[in-house]
Amino acid sequence: MSNFFKVSTKSQYALSLLAYLTSSGDDFVSLAEVSEKEGISYGYLEEIVAPLKKAKIIVSKAGRSGGYKLAKEPEYVKISEVVEIFEGKTAPVKCLSGHKCAKEGECKTRAVWSKLKNSVDETLGRISLSDIL
1 MSNFFKVSTK SQYALSLLAY LTSSGDDFVS LAEVSEKEGI SYGYLEEIVA
51 PLKKAKIIVS KAGRSGGYKL AKEPEYVKIS EVVEIFEGKT APVKCLSGHK
101 CAKEGECKTR AVWSKLKNSV DETLGRISLS DIL
């Protein structure tokens, strides 16, 4: 995984999955249903649900009436939290993601990248699942 901020298909599909679960209310939804309705491969959804379960964003239930649903109310699931699971911390340049920079003390552009990072973090941190429906 790159330390540079880039939105992968996993993040995009995770948000699609979560939006679908949000619109389904408190019902458990099968991955087969999400796959069919959202046009996302079942196998790819299986890869996406594991980290979301680990982060306690979704819960699962086995069996015939099982599936997945949100573990908490949609207004408490921030987009930044979801994106960070799949992309890591947002950082448009290496020096803002903990890498040492040879020009650290004299860099004239760091402030620009820092403002960009802060803006992205702030924006994603303000938006919840309930905001995207």
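Heads up, the sequence shown is in my numbering, so the first residue is 1 and it goes up one at a time. Where is the CB? At the ideal position from N, CA and C, for every residue including glycine.
Straight-line CA distance for residue i to residue j?
{"i": "residue 66", "j": "residue 129", "result": "22 Å"}
{"i": "residue 39", "j": "residue 33", "result": "10 Å"}
{"i": "residue 86", "j": "residue 51", "result": "8 Å"}
{"i": "residue 2", "j": "residue 36", "result": "Note on residue 2: pLDDT 47, under 50, position unreliable in the model; the coordinate value appears next. Their Cα atoms are separated by approximately 30 Å."}
{"i": "residue 71", "j": "residue 101", "result": "41 Å"}
Does DSSP classify residue i as helix, strand or coil?
{"i": "residue 61", "result": "strand"}
{"i": "residue 7", "result": "coil"}
{"i": "residue 93", "result": "coil"}
{"i": "residue 128", "result": "strand"}
{"i": "residue 19", "result": "helix"}
{"i": "residue 121", "result": "helix"}
{"i": "residue 2", "result": "In this prediction, residue 2 has a pLDDT of 47, which is less than 50 and means its spatial position is unreliable; what the coordinates show is noted afterwards. Correct three-state label for residue 2: coil."}
{"i": "residue 102", "result": "coil"}
{"i": "residue 114", "result": "helix"}
Which residue marks the beginning of the alpha helix (DSSP H) containing residue i, and which one marks its end?
{"i": "residue 46", "result": "42–54"}
{"i": "residue 34", "result": "31–38"}
List in chain order: all unbroken beta strand (DSSP E) runs of 3+ residues lying wholly within the region 63–87. 67–70
Would you check if there are 3 or more beta carbon pairs closer than 8 Å linking the region 27–42 to the region 60–77? yes
Is the region 74–93 in contact with the region 102–117, if contact means three or more CB pairs nearer than 8 Å? Verdict: yes, contact present.
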